[in-house]
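For the sequence shown, UniProt numbering assigns the number 1 to the initial residue and increments by one for each residue that follows.
Heads up, the beta-carbon is just placed ideally off N, CA and C, and yes, glycines get one too.
Right, one structure below, let's go through it.
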Amino acid sequence: MQLEGNAKAGYSLRSAAELGDDVEIPPPPPVPVYPPEIPKGQLCLAETRYGYEYIPDVDGWLRLYTVPSTWANARLRCQLEGGTLASPQSNPLAAAMMKMMGENGQNLNIVYTGINANIAKDDYMTIDGLPLSNISLKWAAGEPNNCENSEECLVMNGAGELADVNCSRVFGYFCFKKSAKMSKTKCDTWDSDYQLDPRTGSCYKFHTAQHNWHRAALTCRAEQAHLAVINSDTEARVLKKLFAKYPREKNIQNNP
Ligand SMILES: [Ca+2]
């Protein structure tokens with residue numbers, strides 16, 4: 001059947017048989033396809049902990065990142081790992097950082113520290129808010145010089161000497177975590193939100209915060225995990241049940 005007529009005359013409803021052969025009946029519109037009703041967010045699949053080295057003198061853990069990064073990205077990475085961008089704020093910690101730089105074997109001469117003046121110019125402090133005046137340090141030759149009035153982050157060389165640099169430059173860096181944040185779980189991670197599922201032998205954590213793909217991937221990587229991929233029917237069922245624990249209306253967070 002189809003409708004015919006116009007707005008003035010009104011419409012009449014006829015069956016296809018009443019229209020005759022010379023009337024072309026258009027095909028029905030395509031059936032709309034709706035996205036599946038899954039909650040928004042991201043699912044991380046845990047891997048084993050790696051990369052951190054225990055520093056007994058400070059009862060904490062250090063991880064050296066050798067891939068150069070801007071200061072902001074270095075800080076974000078450490079924060080996502082549940083730690084902080086490390087600063088040489090005690091002699092044992094400074095010594096450990098220098099030792100790991102020397103042992104790295106990749107000719108890593110300079111790393112970012114967490115010491116910065118991004119909040120207030122010339123008011124340098126660590127990520128934890130420890131002021132520069134409380135830190136025992138030595139400056140590299142000619143530093144600090146605040147070149148072009150644009151140097152608000154501090155780097156450290158392998159001799160433990162500091163220099164101010166522009167925060168958009170890229171260097172390696174250390175993330176630091178206190179021991180209390182490194183207790184292992186069944187999933188061999190420090191994050192108790194990861195739950196082992198015996199059906200797949202894998203550990204999963206659902207993040208309710210919505211991010212684009214790259215930020216989601218970074219968030220999972222920072223937790224020593226990766227974005228979950230469905231590799232089997234069993235895993236599909238496991239993930240479906242996991243999704244069901246997170247009703248859609250609860251998943252409205254938008255983190256920066
Ligand atoms: Ca400088």
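For residue i and residue j, I'd like the C-alpha separation in whole angstroms.
| i | j | result |
| --- | --- | --- |
| Phe243 | Ala216 | 16 angstroms |
| Trp71 | Thr234 | 42 angstroms |
| Cys203 | Glu53 | 23 angstroms |
| Cys147 | Ser90 | 27 angstroms |
| Asp57 | Pro92 | 6 angstroms |
| Lys245 | Val238 | 11 angstroms |
| Lys218 | Met156 | As written in the sequence, residue 218 is Leu, which differs from the Lys given in the question. So the alpha carbons of these two residues sit roughly 26 angstroms apart. |
| Ala120 | Glu151 | 12 angstroms |
| Ile135 | Cys220 | 33 angstroms |
| Ala95 | Ser168 | 26 angstroms |
| Asn145 | Asn212 | 39 angstroms |
| Leu85 | Asp193 | 23 angstroms |
| Ala236 | Leu227 | 14 angstroms |
| Gly83 | Asn73 | 13 angstroms |
| Asp122 | Glu81 | 28 angstroms |
| Thr189 | Leu64 | 18 angstroms |
| Pro36 | Lys241 | The predicted model places Pro36 with a pLDDT of 45, which falls under 50 and marks its position as unreliable; any figure quoted below should be read in that light. Roughly 14 angstroms separates the two Cα atoms. |
| Ser87 | Ile115 | 6 angstroms |
| Gly60 | Ile230 | 36 angstroms |
DSSP three-state label for residue i, please.
| i | result |
| --- | --- |
| Ser168 | coil |
| Thr126 | coil |
| Glu24 | coil |
| Ala163 | strand |
| Asn231 | coil |
| Asn116 | strand |
| Asn104 | coil |
| Ala9 | Because Ala9 sits at a pLDDT of 47, beneath the cut-off of 50, its placement in the model cannot be relied upon, and the point is left open. |
| Lys241 | helix |
| Leu93 | helix |
| Glu148 | helix |
| Pro247 | coil |
Just list the residues that DSSP pairs residue i with in beta bridges.
| i | result |
| --- | --- |
| Pro131 | Met125 |
| Asn157 | Ile110 |
| Tyr173 | Tyr65, Tyr112 |
| Lys99 | None; Lys99 has no bridge partner. |
| Leu137 | For Leu137, which the question treats as bridged, DSSP gives no partner whatsoever. |
Quiz prompt | By C-beta, the residues closer than 7 angstroms to any heavy atom of ligand 1, given in chain order | solution = Glu143, Pro144, Asn145, Asn146, Cys147, Glu151, Ala163, Asp164, Val165
Quiz prompt | Whole runs of the alpha helix (DSSP H) within the segment 180-225, excluding any shorter than 4 residues | solution = Note on the segment 180-225: whole alpha helix (DSSP H) runs with a minimum of 4 residues are 213-222, in chain order.
Quiz prompt | 4-residue-minimum alpha helix (DSSP H) runs that sit fully inside the segment 49-84, ordered along the chain | solution = 71-80
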